[in-house]
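Trainee:
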Amino acid sequence: MNSTPNPNRRDFLKRSGSAVAAVSIASPFILTSKSAAADLPKIKVGLVGCGGRGSGAASQALHADKGVILTAIGDAFPDQLQKGLNGLKAEKDVADRIQVSPDNQFVGLDAYKKVIDSGVDLVILASPPGFRPVHMKYAVEKNKHVFAEKPIATDAAGYRSFIESVKLAKQKNLAVGSGFCWRSHLAQRGAYERIHAGDIGDVRTIYGTYNTSPPRTPIKREDGWTDMEYVVRNWMQFSWLSGDCLVEQAIHNVDLTNWAMKNEMPVKAIAHGGRQIRPEGGIVGNNFDHFAVVYEWKNGTRGFVTARQIPGCDNDNSETVYGSKGTAHILLFRGNPYITDLSGERKWRYSGPTPNMYQVEHDELFASIRAGKPRNDGEWLANSTMMGIMGRMAGYTGKDISWEQATSANDSVAPLADFSFNDKPPAAELPQPGKTRIG
Ligand SMILES: NC(=O)c1ccc[n+]([C@@H]2O[C@H](COP(=O)([O-])OP(=O)(O)OC[C@H]3O[C@@H](n4cnc5c(N)ncnc54)[C@H](O)[C@@H]3O)[C@@H](O)[C@H]2O)c1
Numbered sequence: 078m079n080s081t082p083n084p085n086r087r088d089f090l091k092r093s094g095s096a097v098a099a100v101s102i103a104s105p106f107i108l109t110s111k112s113a114a115a116d117l118p119k120i121k122v123g124l125v126g127c128g129g130r131g132s133g134a135a136s137q138a139l140h141a142d143k144g145v146i147l148t149a150i151g152d153a154f155p156d157q158l159q160k161g162l163n164g165l166k167a168e169k170d171v172a173d174r175i176q177v178s179p180d181n182q183f184v185g186l187d188a189y190k191k192v193i194d195s196g197v198d199l200v201i202l203a204s205p206p207g208f209r210p211v212h213m214k215y216a217v218e219k220n221k222h223v224f225a226e227k228p229i230a231t232d233a234a235g236y237r238s239f240i241e242s243v244k245l246a247k248q249k250n251l252a253v254g255s256g257f258c259w260r261s262h263l264a265q266r267g268a269y270e271r272i273h274a275g276d277i278g279d280v281r282t283i284y285g286t287y288n289t290s291p292p293r294t295p296i297k298r299e300d301g302w303t304d305m306e307y308v309v310r311n312w313m314q315f316s317w318l319s320g321d322c323l324v325e326q327a328i329h330n331v332d333l334t335n336w337a338m339k340n341e342m343p344v345k346a347i348a349h350g351g352r353q354i355r356p357e358g359g360i361v362g363n364n365f366d367h368f369a370v371v372y373e374w375k376n377g378t379r380g381f382v383t384a385r386q387i388p389g390c391d392n393d394n395s396e397t398v399y400g401s402k403g404t405a406h407i408l409l410f411r412g413n414p415y416i417t418d419l420s421g422e423r424k425w426r427y428s429g430p431t432p433n434m435y436q437v438e439h440d441e442l443f444a445s446i447r448a449g450k451p452r453n454d455g456e457w458l459a460n461s462t463m464m465g466i467m468g469r470m471a472g473y474t475g476k477d478i479s480w481e482q483a484t485s486a487n488d489s490v491a492p493l494a495d496f497s498f499n500d501k502p503p504a505a506e507l508p509q510p511g512k513t514r515i516g
């Protein structure tokens, strides 16, 4: 944040309640500005996790607001950090606002603290999700606005911690942006507005599916790597770091299901899941490769979410919402959503603009901060994640899992602690329905 006094900051403090204002004085900045780009107060952004999504989010932050400068980045590994930074610098239209000095490039499992302590106003949290609750807690304690990629945790303890951070962020008037990008897709918004307005009647059943090939091939171990480095490099294969395929990837469908139910949490989950494919050379990690979850709400509505990461099968990623008067077809990557009546006749199809949803996500986040009303999407971001964890618990155990059981579980698969590369990674046994228990 540049240190030039800004009258808009005073305006904001006048508008705020005294308790919030007291916190905001110590917090980054809250400004409203319609000034020209050059006059815009700077918003210093830090990035934690310079992989595909983190770099993408940093680019979107830079494109969202001409006052954004990227001033600090951190990653567990130097090669990943460099790759992310090089990719960003190649974007000519924003390259002049990538102002990350060598002193502000941090490597290691504690890089997040150094990024957050480097003087940034907002931090993008895009490491593997097992680390997210700890990163989030530190960011909010240090009065930073946050953009948090989904999912935000991999277990119930992480969820509870994240929810506490979201509450604190609200008290401090800090933004919590959500990486559930489909909620920023204008076509899907158009469809969900109609669902919520009653165009398909009462929602009775929801079917979401994310059937695809495995998104990553395990990386071979190199000489000199500790066990922890090997696991963190292969984070997507380990449930404690990724949440498993339901929580890491098909969580988008869980969130779309949650959205159809206006963010009301289900009372129960029942699930099947397993590891069908056992590759030559053995399994890396302990993820399942398929899940089928049934969620039940207190009014009897059911939501079915299936996830499969097996090569050579037919793929689909879509969501269908069945109501008492019609059906909403949410095609996701296959075109614009539409609504049919009970006879199957098409009644509506989205025909408006479809800007990049990841960009919209950041445009709206930064606009809310500029307007002095930082949006906090943390609660549904966390609840959708927890709904996925609840489904995974039901799949791992073979037991029906209630929302209360899920959220109060002591299944700390990703300890809320700092790790070093010399620590032993948490246990990663393949779960066995009927035998595996949650705490
Ligand atoms: N919203 C979406 O559509 C979407 C798409 C892809 C990924 N994601 C999410 O974004 C997150 C990152 O996924 P990705 O595809 O970029 O993965 P990635 O593996 O490409 O990037 C993760 C980066 O984090 C680094 N890292 C690991 N541990 C770290 C730590 N403790 N501190 C700092 N950095 C650490 C890794 O070295 C890597 O560079 C995940 O939560 C993923 O689910 C969301």
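Per our numbering, the very first residue in the sequence shown carries number 78; after that it's consecutive.
The beta-carbon is built from N, C-alpha and C at its ideal position, and this holds for glycine as well.
This one's a predicted model, so the numbers in the text were calculated from it and none came from an experiment.
Is the number of C-beta pairs between the segment 335-345 and the segment 375-394 that are closer than 8 angstroms three or more?
Mentor: At 8 angstroms Cβ cutoff, the stretches touch.
Trainee: Select from 127, 181, 193 and 145 the residue whose C-alpha is nearest the C-alpha of residue 163.
Mentor: Nearest C-alpha to residue 163: 127.
Trainee: Roughly how many angstroms lie between the CA atoms of residue 154 and residue 266, to the nearest whole one?
Mentor: Answer to the nearest angstrom: the Cα atoms are 37 angstroms apart.
Trainee: Considering only the alpha carbon of each residue, which of 355, 123 and 221 lies closest to residue 177?
Mentor: If we check each option's Cα against that of residue 177, 123 comes out closest.
Trainee: Given residue 238, which residues of its chain have a CB within under 8 angstroms of its CB, disregarding the five upstream and five downstream residues?
Mentor: Counting only Cβ-Cβ distances below 8 angstroms, and skipping sequence neighbours, we find 210, 211, 213, 214, 230 and 493.
Trainee: Do residue 314 and residue 371 have their beta-carbon atoms positioned less than 8 angstroms apart in this structure?
Mentor: No. Outside cutoff.
Trainee: Identify every run of the beta strand (DSSP E) within the segment 166-245, keeping only runs that are complete inside it and at least 3 residues long; order them along the chain.
Mentor: Listed in chain order, the complete beta strand (DSSP E) runs (minimum 3 residues) inside the segment 166-245 are 182-184, 199-202 and 222-225.
Trainee: Just how far apart, CA to CA, sit residue 506 and residue 489?
Mentor: Near 14 angstroms, if we compare the C-alpha coordinates of residue 489 and residue 506.
Trainee: Ignore the nearest five residues each way along the sequence and tell me which others in residue 281's own chain have a CB closer than 7 angstroms to its CB.
Mentor: Cβ within range, chain order: 378, 399, 400 and 401.
Trainee: Does the distance between the C-beta of residue 239 and the nearest non-hydrogen atom of ligand 1 fall short of 7 angstroms?
Mentor: Incorrect: residue 239 has no Cβ contact closer than 7 angstroms to ligand 1.
Trainee: Mind checking residue 112: buried by the 16 CB within 10 Å criterion, or exposed?
Mentor: Low confidence applies to residue 112: its pLDDT is 48, below 50, so where it sits in the model is not reliable enough to give any reading.
Trainee: Should residue 172 go down as buried or exposed, given a rule of 16 or more other Cβ atoms within 10 Å for buried?
Mentor: By the neighbour-count rule (16 or more Cβ atoms within 10 Å), residue 172 is not buried but exposed.
Trainee: Going by C-alpha distance, which of 291, 467 and 148 is nearest residue 347?
Mentor: Nearest option by C-alpha distance: 467.
Trainee: When you compare only the Cα positions, how much space is there between residue 47 and residue 205?
Mentor: Nothing can be reported for residue 47: it is not among the residues displayed for the chain, which extend from 78 to 516.
Trainee: For residue 454, which residues in the same chain have their Cβ closer than 7 angstroms to its Cβ, ignoring the five residues on either side in sequence?
Mentor: Within the same chain, residue 454 has close Cβ partners 253, 254 and 255.
Trainee: Which same chain residues end up closer than 6 angstroms to residue 141 when comparing Cβ atoms and leaving out the 5 residues on each side of it in sequence?
Mentor: Contacts found: 439, 440 and 443.
Trainee: Apart from the five residues just before and just after residue 216, which ones in its own chain have a Cβ nearer than 6 angstroms to its Cβ?
Mentor: Taken in chain order, the residues that qualify are 193, 200 and 223.
Trainee: For residue 306, verify whether its CB is less than 7 angstroms away from any heavy atom of ligand 1.
Mentor: For ligand 1, not one heavy atom lies less than 7 angstroms from the Cβ of residue 306.
Trainee: Closer than 7 angstroms by C-beta to residue 317: which residues in its own chain qualify, once you throw out the five before and the five after it? Chain order, please.
Mentor: Excluding residues within five positions, the ones whose Cβ falls inside 7 angstroms are 207, 231, 490, 491, 503 and 505.
Trainee: Can you tell me which residues form a DSSP beta bridge with residue 418?
Mentor: Answer by DSSP bridge pairing, in chain order: 403.
Trainee: Let me know the beta strand (DSSP E) ranges lying completely inside the segment 327-371, each 3 residues or longer, listed in chain order.
Mentor: The qualifying runs are 345-351.
Trainee: Would you kindly work out how many angstroms separate the C-alpha atoms of residue 161 and residue 132, rounded to a whole number?
Mentor: Distance between the alpha carbons of residue 161 and residue 132: 6 angstroms.
Trainee: Given this structure, state the Cα-to-Cα distance separating residue 277 from residue 268, to the nearest angstrom.
Mentor: Those two C-alpha atoms are separated by around 10 angstroms.
Trainee: Buried or exposed, going by whether 16 or more other CB atoms sit within 10 Å of the CB of residue 356?
Mentor: It is exposed - the Cβ of residue 356 has fewer than 16 other Cβ atoms within 10 Å.
Trainee: Pull up the distance between the alpha-carbon of residue 511 and that of residue 464, whole angstroms please.
Mentor: Near 21 angstroms, if we compare the C-alpha coordinates of residue 464 and residue 511.
Trainee: Taking DSSP as the reference, what is the three-state secondary structure of residue 490?
Mentor: Three-state DSSP puts residue 490 in coil, outside helix and strand.
Trainee: Applying the criterion that 16 or more other CB atoms from any shown protein chain within 10 Å of the CB defines a buried residue, is residue 432 buried or exposed?
Mentor: Label assigned to residue 432: exposed.
Trainee: In this structure, does DSSP put residue 99 in helix, strand or coil?
Mentor: The pLDDT assigned to residue 99 is 31, lower than 50, so where the model puts this residue is not dependable; a value taken from the coordinates is nonetheless given after this. In the structure shown, residue 99 sits in a helix (DSSP, three-state: H, G or I).
Trainee: Considering only the alpha carbon of each residue, which of 116, 119 and 165 lies closest to residue 134?
Mentor: That would be 165, whose Cα lies nearest to the Cα of residue 134.
Trainee: Go through its chain and collect everything with a Cβ distance to residue 117's Cβ below 8 angstroms, but skip five positions before and after it.
Mentor: These residues qualify, in order along the chain: 110, 142, 143 and 144.
Trainee: Along the chain, where does the beta strand (DSSP E) containing residue 288 start, and where does it finish?
Mentor: It spans 280-289 - the beta strand (DSSP E) in which residue 288 sits, taken as one unbroken run.
Trainee: Mapping DSSP to helix, strand and coil, what is residue 482?
Mentor: Reduced to three states, the DSSP call for residue 482 is helix.
Trainee: Please determine whether the Cβ atom of residue 227 lies at a distance below 7 angstroms from any heavy atom of ligand 2.
Mentor: With respect to ligand 2, the structure offers nothing, as its ligand set consists of ligand 1.
Trainee: By how many angstroms is the C-alpha of residue 248 removed from the C-alpha of residue 290?
Mentor: Between residue 290 and residue 248, the C-alpha separation is close to 42 angstroms.
Trainee: Taking all protein chains shown into account, do 16 or more other C-beta atoms lie within 10 angstroms of the C-beta of residue 136, making it buried, or fewer, making it exposed?
Mentor: With 16 or more other Cβ atoms within 10 Å, it is buried.
Trainee: Can you tell me whether residue 103 is buried or exposed, with buried defined as 16 or more other CB within 10 angstroms of its CB?
Mentor: Because the pLDDT of residue 103 is 33, which lies under 50, any placement of that residue in the model is unreliable, and the question is left without a value.
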